[in-house]
Every structure is written in C-alpha cells, then in structure tokens.
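Asker: All residue numbers for the sequence shown refer to this note's numbering, where the first residue is 21 and numbers rise by one.
Just passing along the structure, written as structure tokens.
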Amino acid sequence: MRLASMLSANAAAMYAALGGVLSTPELPVHFDPHAGLDDVLHGDAPLAAMCGLLYTRHQHALRVLVAPVPRTTPATRSPLYCSQVVVRRRAGPLPLPALRGARWVINERASFSGYVALLAGLRDLGLDASFLGVPQVTGSHLASLQQVVTGAADVTAVDSSVLQLALQQNPALQGALQVVTSFGPYPAPPLVVHRRVPTEQRARWTEALTTLHHSPEGRRVLDLAQVERYVPVTDDDYAPIRAAERRAAPWLDAVYA
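Printed below as a string of structure tokens:
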C-alpha cells in the first residue's frame, strides 16, 4: 500500500520512516514520493499527508485520521500551525503595510498556508487585492524561501512547520530570513485515508501513529520532521480552514483575473 505526501519535500524522510512503522506482514506500507493527488483520490495511494485545504476540497473521497503537534507548540498539545510572512533579514522590524507593492511569491494557488490563509489574513486586516499584486508561483515552499534568500523575490508566506524544519536543516537560513507576521493558528495538515479504507484499518493506523512518541524509536521518526506527537482529528477540526477559504474567496480568482 502506498503512502503519499502532498506536503514539503523537507519532511520526506519522516514519511519514508512512517511507512515502516505502519507496515505489517499482511499489509506492507511504503512511501511513494511520486504519488500525486489523483493517486490519493482514486485510492491508489490510500494514505496521505496533505494540506488541510486539499482535504476540505476533497472530503467526499477522504477521511481524516491524525494531525501532527509541531515541536514548536508542544505545550498546547494541539495540532496547530501558522502561515508566516517571510522576508530577507534586515535591521529592525518591518511592518506588514510596508510590503505593499513588493514582489510576492507563493508556492501554489491551492496551498492553504502559502496563499489562502494569507488572503484571508490580509482581508481581516482591511487590505484589498491591490496589496498583494499578482504573486509569482514557485511550486514549493522551499523554492519560495530560496527566491527570497537570493533576492529574486521580496516576500512569501510559508507553512510555519516547513520553515522551522528548513531552519533546522540549513542553519544559515536563520541569519538570512525574517518573519514579519503570522496568520493563524490553523489546524495542521492531516494524515488522511481514502474513504474505502476499512474502519478497522483506520483504527490500527490511528493507534500506531498516536502512540509513536511513547518509544525511543518512534520519537526518532518524529524528530525527522520536528513533530512532537500525532493526535486524532475529526472533520469538524477543519472548520477554520473552510471559514478562511470563504473569507479569501473574493480574492482567489480576482488576483489572477
């Protein structure tokens, strides 16, 4: 059985290790880095990590199992993350209004933390679509960060967990990047299963994932992506994602019209 990830490539090592954790002699699980959304929706890769927005848009085919509690927020014991607005490091703080007319890049238009949460947050602040201009699409959070670091872009919005893991994996970025503001928190990207996966199998995977942090071996797997633990989640937990998409809706198509 294939395990897919629709999330940043810098967490791939953890998902590869999770395949081994979830495997049994009767049902081997392996991480397939090339599996895409169509594979997940058709049930060919019936277990996947994905953006909460992808889940809410395709909930007819999917069921949520668990979500990660990031290492940066273990005290809350809640699976939450933020959309963080990032620029090249400079002397002193930079107010968000100063970024009007800047060269924005986003990972993709279907990204929650990289685009939809950003639009919802800007609307909540009373800003209009002209603030953002027409962002260029880079294809990934890591590519967006690289463009900001090199000066090819001025600003991007990224998943806070992706950013923290990138800073751990490449400490030089710590001195190169600066967080201007954060939007959220929002429910963290879940692990989902195709609706045809039997209830008993879902329960076995949920048990394996939510007890992973109890053993040294399991903690080493979680450490690969700075995850404190996995906790069970339900569809209702993703209501804030749906609400943010509704707030962002007037901009979603207008920006690229």
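C-beta: ideal position from N, C-alpha, C; glycine also.
Here the structure is a predicted model, which is why all the values come from computation and not from measurement.
Note down the Cα distance separating Pro236 from Tyr250, rounded to an integer number of angstroms.
Answerer: 15 Å
Asker: Taking the alpha-carbon positions, what's the Val199 to Phe151 distance?
Answerer: 18 Å
Asker: Would Pro117 be called buried (16 or more neighbouring beta carbons within 10 Å of its own) or exposed?
Answerer: exposed
Asker: In terms of residues, what are the limits of the beta strand (DSSP E) holding Gln198?
Answerer: Leu197 to Pro207
Asker: Could you say which of Arg240, Asp273, Asp255 and Ile261 lies nearest to His80 if we only look at CA atoms?
Answerer: Asp255
Asker: Which residues share a DSSP beta bridge with Ala68?
Answerer: Note: Ala68 sits in a beta bridge opposite Ala24 and Val212.
Asker: Determine the contact status of Leu85 and Leu242, defining contact as a CB-CB distance below 9 Å.
Answerer: no
Asker: Output the distance between the C-alpha atoms of Leu42 and Val49, rounded to the nearest integer angstrom.
Answerer: CA-CA distance, Leu42 to Val49, rounds to 6 Å.
Asker: What residue range is occupied by the uninterrupted beta strand (DSSP E) comprising Gln104?
Answerer: Boundaries of the beta strand (DSSP E) around Gln104: Leu100 to Arg108.
Asker: In the DSSP assignment, find the unbroken alpha helix (DSSP H) run with Glu220 in it and report its ends.
Answerer: Thr219 to Thr230
Asker: Kindly provide the ranges of any beta strand (DSSP E) runs that are 3 or more residues long and lie completely inside the region 165 to 189, ordered along the chain.
Answerer: Complete beta strand (DSSP E) runs here, min 3: 175 to 179.
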